[in-house]
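Student:
Number of protein chains: 4
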Amino acid sequence: MQLGMIGLGRMGANIVRRLMRDGHECVAYDVNQETVKALAEEGATGASDLKDFAAKLQKPRVVWLMVPAGITGKVADEVAEVLESGDIIIDGGNSNYRDDVRRAAALRERGIDYVDAGTSGGVFGLERGYCLMVGGSDAAVQHIEPLLRTIAPGPGEIERTPGRAGDLAPEEQGYLHCGPAGSGHFVKMVHNGIEYGIMAAIAEGLNILENADAGIREAEHSAEIAPLEEPEFYQFPIDTAKVTELWRRGSVISSWLLDLTAVALNENPTLDGLAGRVSDSGEGRWTVKAAVDVGVPVPVLASALFERFASRGEDHFANQVLSAMRLQFGGHQELPAGDVLEAGGRKSEAG
Amino acid sequence: MQLGMIGLGRMGANIVRRLMRDGHECVAYDVNQETVKALAEEGATGASDLKDFAAKLQKPRVVWLMVPAGITGKVADEVAEVLESGDIIIDGGNSNYRDDVRRAAALRERGIDYVDAGTSGGVFGLERGYCLMVGGSDAAVQHIEPLLRTIAPGPGEIERTPGRAGDLAPEEQGYLHCGPAGSGHFVKMVHNGIEYGIMAAIAEGLNILENADAGIREAEHSAEIAPLEEPEFYQFPIDTAKVTELWRRGSVISSWLLDLTAVALNENPTLDGLAGRVSDSGEGRWTVKAAVDVGVPVPVLASALFERFASRGEDHFANQVLSAMRLQFGGHQELPAGDVLEAGGRKSEAG
Amino acid sequence: MQLGMIGLGRMGANIVRRLMRDGHECVAYDVNQETVKALAEEGATGASDLKDFAAKLQKPRVVWLMVPAGITGKVADEVAEVLESGDIIIDGGNSNYRDDVRRAAALRERGIDYVDAGTSGGVFGLERGYCLMVGGSDAAVQHIEPLLRTIAPGPGEIERTPGRAGDLAPEEQGYLHCGPAGSGHFVKMVHNGIEYGIMAAIAEGLNILENADAGIREAEHSAEIAPLEEPEFYQFPIDTAKVTELWRRGSVISSWLLDLTAVALNENPTLDGLAGRVSDSGEGRWTVKAAVDVGVPVPVLASALFERFASRGEDHFANQVLSAMRLQFGGHQELPAGDVLEAGGRKSEAG
Amino acid sequence: MQLGMIGLGRMGANIVRRLMRDGHECVAYDVNQETVKALAEEGATGASDLKDFAAKLQKPRVVWLMVPAGITGKVADEVAEVLESGDIIIDGGNSNYRDDVRRAAALRERGIDYVDAGTSGGVFGLERGYCLMVGGSDAAVQHIEPLLRTIAPGPGEIERTPGRAGDLAPEEQGYLHCGPAGSGHFVKMVHNGIEYGIMAAIAEGLNILENADAGIREAEHSAEIAPLEEPEFYQFPIDTAKVTELWRRGSVISSWLLDLTAVALNENPTLDGLAGRVSDSGEGRWTVKAAVDVGVPVPVLASALFERFASRGEDHFANQVLSAMRLQFGGHQELPAGDVLEAGGRKSEAG
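Protein chains in written order, with the UniProt record's numbering: chain A, 1 to 351; chain B, 1 to 351; chain C, 1 to 351; chain D, 1 to 351.
Below is the structure:
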């Protein structure tokens, strides 16, 4: 069937390519006409402006927005201007699900159906397919199902879950109608929240392995690596690149994120050149806030988020306050980085 | 080559079977002679006692212990009595790596080489193979490498890590010599610590999804589900069985633990019958203690462990203390479970 | 000076009493006319309805709202109807500071000045005074300063902070103009967030003390208290009532919350009768959400909040998921509460 | 009565002074004879070596060790050489309670009674007195009670806990016999664990206040302060020095640690010159390890400890791993510190 794509960045363009490969027809638009031209050469119908875009689409029009979350609202409004009752707008970006809820209600009044499609897949999506978490009305989601089926990864070589039989369910093909508008991005949001947690679990564990030789390094005796009480138990120089490669096979924690870690450590075992300032996108934050709203404890997901904040120095004032208190009650001076530990530094807090 | 196996529980017996399938010869012993007989019928050489066991092994003998961690020390001592200098003992159980360090030193004095093999694979190991994390001397580990190669999963159908070329490294075949004695169980310990974190990340995320309909349930207004401030954003009845199945395909968090979760939720979508009292084995605890020793922050791994403690009610006295304080400073009575919320219950803490 | 109080619950009535004791004049109103009558007998001017209330106040009127947070908006709107440009509304309840920001903007258009006064003090405020965190315009806060000075605790017997000299600053008298409208409740919100953290720190520590005899109780060997590895180090039956009393004197952690804990444990050393289902008010939640918004890591404050959620069983589904996974990968059955530990229960996780 | 003090650092010397002021007689020894001389001038009996020290003490001798935890064991052994059966050694330092358990057992065989006295009070102890948490045999603790009573703060001006009547209990005078040897330092350890939690709660809360103006600073739009979604709610420039001063009066969180924070912020409102590298002493670590041993969840205490680790950069490798993963799955480059946010940096994680 036909789809109009607005936003031809990496993900938008790759979704168009994946659709065309499978025989769908695509009308493509972007403010950057270079990208439109490039995709037109690959077989898409290029549009010069939104009016042209709307004119080239059959009714009811199906429009996929793949633009930065920050401008999705603005673009959706502009697109709605050239659409008609009965048309469908799909937001495939990383919107906050709350915006979907509001936007769907506003568009509903104009007869336009709104679908939110949380999309996971990263740079591998063109080949692997995109995992699609979809929210919207039954009618709209059914209408666009042929598109979803193509964009999604399909069953692939993944072993079927024991207990499942008969025709493949949509979720076994990599897309799912999760519920009303907003639910797609809600599920995607939680997905990313979990992703933060898994990433942090792997990273923390590897950090322990990286320090399993603390009893050997102890000799150097720097200020901040406090004197180990039992150095004889930390004499292991572990090769984390090899260990992550190992865990890909037969271990309980084998996972795609571990695969990626193995790639990264194989390329650069010491991770030289990475400062460890870890960005966070909105999803991890929204996940924690949603959990707080509904009263669900998420210590692991929140800890993973807070580690990222701290990695960028956002804990600085709090740490200064701690040092200031220690100075007050015990006369403890801060140890300068890299300095030699004063006698009893670790053991003699006067508190 | 030949291996002597002591301990014919599920894992010990399956390792013997996996070795025999690949042409190795096994001498099998267990205090339960029924299991010895059963395995003898499958081709193993049964031993009636430790003396018989030692007599049936060629020198240098290679003995694999697969007994509960609690008795490994005792069994290792007994076995050492019937062995000679040059023999090798492998501990394939879930020992604390600190015991390995001590035991290896003690056995070294008698000329016996000690190898610890952290073994992951669960109930699927017979077919899938066991991921092996191995610690010990170079000589001993090289000697037993043919056994390790068979027990391990091998490369399987897992895509090769980009950047790796030439002959398959041991870690690409599912086993790794991690370092000196103790390092195998150390790496296995951290592996399980990570496992706790990943499990918790998935579980917490699903708990949010399970409560994404809080704005609908709000009507019932029970005491402990505090009044939602924006119920319009929590109107999603999400099917967690379908969502976990979906995430197996093309998503960033696809993983074996997610596969298992999908199986479990497909079988029993409401998880009826599970009380949610989550046990913990030693590894998760040891991981946190090791991190504390070497000064590595592990908020995610520790949170995952503490959630398990709390799931069993180990937070009870702390919670009583909190209720007692609230009663003191604000006159706040505890809300009985299932009762109706008193006006302002959530909003009016006098603090 | 004169103040009109709306809402004569415990806190509203006590503030009126504290003001009258110090020579201020109060007009009092509540939907419950009984409470109006009672306070009138103590010297207040009772009002029969809002119109009457407004008529009895001198211009510019100063009105203090002390009503449940859930209805503050509604009451503020009703009161604004009977007020005029130049009048001042003070919200002394536990409002979300975001509502203050919105409400102040709305009332500003009508010429009414809005002040938010975060109020801490609990049941002890009548005697001890209330700590006041105030947001609003300079003019409005200056106008009501005589009232604030009376309601606040004053300098009391608290030792002056070294380095401070000269006239007592407002904050040394127990009230502070924190910034524009909303800032008062913002500071109060963070205050309560900190309160959660301090309470949790004390409660967790006492829980360790309560279990310092685990090595003695070990004999009983229940299922969920996993076998201690070194029971010889946990042989201390600690009296937590005595310890908290002790820490009130000369220790670094002496604090009012510890005083209250000592009272509670002295009254009821085992805390019998408390179920440990800990409620949470909005402030703790808002604090974590504000921290997430501005990117500040708050692992301690968030953990304290999540512990309360978990104390009420909100972790249940997550825990069921964990048990379900363990059942899948290792065939681990849940241990029933109070049952005897199966051999190796703690030590033999197959993962 | 008479006490022999070994170790005349700040705390040891001040305890001697406090004892002499109250009429006790002290024999003082330190490897640094300068400090011995100084204290002799204040009235103590100086000792030139351990033999001399023992000779100058009446039997049964009572010896207080106040030396760095790292050498306590060695010093205790040396002292034991010059003592006799019936004498008492008190360890007032910051020993690990496990060492007490072992040391008490070893000394018991020689007839020497061992008492551990956890001592809190910091630089203020000389005037304020020291809060004493004491472990040991009934006989030994009773024997030294006159000394404990003097060293402790006494009842002071602290209001008596409601419900307590009659003679003041020891805990109301600032010392407590907690249980057998080791229990004193165990209680002190948990005390310090709680201290970490309280300090972190205050520090995290103040960090939120310090960032309550994020919506104003937003204009600068640096890379790592992600675009605020609702900057209108973060327009508060809060003076944390004034707020902490305020909270000392009438608020629920008033506490000695808050008093100290107010002092520190009054002296140096921006905490300039503090790097925020927060040291940790053994107690916080031992507390978490003890909690893990007995299965008590301590998310707050552990988070407080891990924040300190992270403040010193011990999270570095973990953060590098996170950045490396993000680079793999989404092509996300790290944002350099202080750089301008690339479009969608916060909002467009491809995961």
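For each residue, glycine too, the CB sits at the ideal point set by N, CA and C.
List, in order along the chain, the chain C residues whose C-beta lies closer than 8 Å to that of V190(B)?
Tutor: The premise fails here: V190(B) is roughly 12 Å from chain C at the closest Cβ pair, so nothing lies under 8 Å.
Student: Does the pairing of the stretch 13 to 22 of chain B with the stretch 115 to 135 of chain B give three or more beta-carbon distances under 8 Å?
Tutor: Enough Cβ pairs lie closer than 8 Å, so yes.
Student: So for E230(A), helix, strand or coil by DSSP?
Tutor: DSSP places E230(A) in coil when its eight states are reduced to three.
Student: With H, G and I counted as helix, E and B as strand and the rest as coil, what does DSSP make of A223(D)?
Tutor: At A223(D) the pLDDT is 44, less than 50, meaning the model places this residue with poor confidence; the figure from the coordinates comes in the next sentence. If DSSP states are grouped into helix, strand and coil, A223(D) belongs with coil.
Student: Would you please verify whether the beta carbon of E171(D) is less than 8 Å from any beta carbon of chain F?
Tutor: Absence of chain F from the displayed structure is noted, the protein chains being A, B, C and D.
Student: Compare the C-beta of D315(C) with all C-beta atoms of chain A and state if any pair is closer than 8 Å.
Tutor: Output row for D315(C): interface = yes.
Student: Assuming L305(D) and M133(C) make a contact with CB atoms under 8 Å, what is their CB distance in whole Å?
Tutor: Actually they are not in contact, since the Cβ atoms of L305(D) and M133(C) sit about 30 Å apart, beyond 8 Å.
Student: Within 10 angstroms of the Cβ of P299(B), are there 16 or more other Cβ atoms? Answer buried if so, exposed if not.
Tutor: Flag for P299(B) reads buried.
Student: Indicate the three-state DSSP secondary structure (helix, strand or coil) for L126(C) in the structure shown.
Tutor: Three-state DSSP puts L126(C) in a helix.
Student: Following the continuous beta strand (DSSP E) through E25(A), name the residue where it begins and the one where it ends.
Tutor: E25 to Y29 is the extent of the beta strand (DSSP E) around E25(A).
Student: What is the rounded straight-line gap between the Cα of L107(D) and the Cα of K51(D)?
Tutor: For L107(D) and K51(D), the distance between alpha carbons rounds to 18 Å.
Student: Could you check the C-alpha separation between R285(D) and V278(A) for me, to the nearest Å?
Tutor: One C-alpha to the other measures close to 27 Å.
Student: Please classify G121(B) as buried or exposed, where buried requires at least 16 other C-beta atoms within 10 Å of its C-beta.
Tutor: G121(B) should be labelled buried.
Student: Give me the Cα-Cα distance between R217(D) and A200(D), rounded to the nearest whole angstrom.
Tutor: Rounded to the nearest angstrom, the two C-alpha atoms are 25 Å apart.
Student: For the alpha helix (DSSP H) that contains D259(D), what are its first and last residues?
Tutor: Start and end: W256 to E267.
Student: Does any CB atom of chain A fall closer than 8 Å to the CB of N94(B)?
Tutor: Answer no: the Cβ-Cβ gap between N94(B) and chain A never drops below 8 Å.
Student: Whole-angstrom Cβ separation of K289(D) and K289(B), contact assumed at under 8 Å?
Tutor: That belief holds up - the Cβ atoms of K289(D) and K289(B) are roughly 5 Å apart, short of 8 Å.
Student: Would you mind stating whether S95(C) and D113(C) have Cβ atoms separated by less than 8 Å?
Tutor: Taking 8 Å as the Cβ cut-off, S95(C) and D113(C) do not qualify as a contacting pair.
Student: Count the other C-beta atoms from every protein chain shown that fall within 10 angstroms of the C-beta of E224(C), then say buried if there are 16 or more, exposed otherwise.
Tutor: Reliability fails at E224(C), whose pLDDT of 43 lies under 50, so the model's placement of it is uncertain and no value is given.
Student: What residue range is occupied by the uninterrupted alpha helix (DSSP H) comprising I216(A)?
Tutor: Here the alpha helix (DSSP H) through I216(A) covers A214 to R217.
Student: For G193(C), collect the residues of the same chain with a Cβ closer than 6 Å to its Cβ; drop the 5 residues on either side in sequence, then sort them by chain order.
Tutor: G284, T287 and L301.
Student: Relative to chain A, which residues along the stretch 176 to 206 of chain D have a C-beta separation below 8 Å, given in chain order?
Tutor: If the cut-off is 8 Å between Cβ atoms, the stretch 176 to 206 of chain D has H191, N192, E195, M199, A200, I202, A203, E204 and L206 near chain A.
Student: Within 10 angstroms of the Cβ of G179(C), are there 16 or more other Cβ atoms? Answer buried if so, exposed if not.
Tutor: When all chains shown are included, G179(C) counts as buried.
Student: Could you name the residues of chain D that F309(C) contacts, counting a contact when the two beta carbons are closer than 8 Å?
Tutor: Chain D residues near F309(C): none, gap ~12 Å exceeds 8 Å.
Student: Look at the alpha carbon of R149(A) and the alpha carbon of T161(B), and state the distance between them as a whole number of angstroms.
Tutor: Each residue's Cα considered, the two are about 29 Å apart.
Student: Here's the rule: buried if 16 or more other CB atoms are within 10 angstroms of the residue's CB, otherwise exposed. What is D315(D)?
Tutor: Buried, since its Cβ has 16 or more Cβ neighbours within 10 Å.
Student: Looking at the C-beta of L301(B), does it have a partner C-beta in chain C at a distance below 8 Å?
Tutor: It does not; no Cβ of chain C falls within 8 Å.
Student: Closer than 8 Å, Cβ to any Cβ of chain A: which residues of the stretch 318 to 333 of chain D, in chain order?
Tutor: Per Cβ criterion, the list reads A318, N319, Q320, V321, L322, S323, A324, M325, R326, L327, Q328, F329, G330, G331 and H332.
Student: On the premise that G92(A) lies in contact with K188(A), defined as a C-beta separation below 8 Å, what is that separation, rounded to the nearest angstrom?
Tutor: The Cβ separation is near 10 Å, so there is no contact.
Student: According to the neighbour-count rule (16 or more other Cβ atoms, all chains shown, within 10 Å of its Cβ), is V31(C) buried or exposed?
Tutor: Flag for V31(C) reads exposed.
Student: Output the residue ranges of the alpha helix (DSSP H) runs that lie fully inside the stretch 138 to 215 of chain D and measure 4 residues or longer, sorted by chain position.
Tutor: Runs of the alpha helix (DSSP H) inside the stretch 138 to 215 of chain D: 138 to 151, 170 to 173 and 183 to 210.
Student: For R110(C), collect the residues of the same chain with a Cβ closer than 6 Å to its Cβ; drop the 5 residues on either side in sequence, then sort them by chain order.
Tutor: Closer than 6 Å at Cβ, skipping near neighbours: no residue.
Student: Can you find a C-beta in chain D that's less than 8 Å from the C-beta of V296(B)?
Tutor: Yes - at least one Cβ of chain D is within 8 Å of the one on V296(B).
Student: Would you check if the distance between the CB atom of V190(B) and the CB atom of L257(A) is smaller than 8 Å?
Tutor: Not closer than 8 Å, so no.
Student: When the distance is taken between beta carbons, is R61(A) closer than 8 Å to G23(A)?
Tutor: The answer is no: Cβ separation not under 8 Å.
Student: Taking just the CA atoms, how far does I144(D) sit from G43(D)?
Tutor: Each residue's Cα considered, the two are about 21 Å apart.
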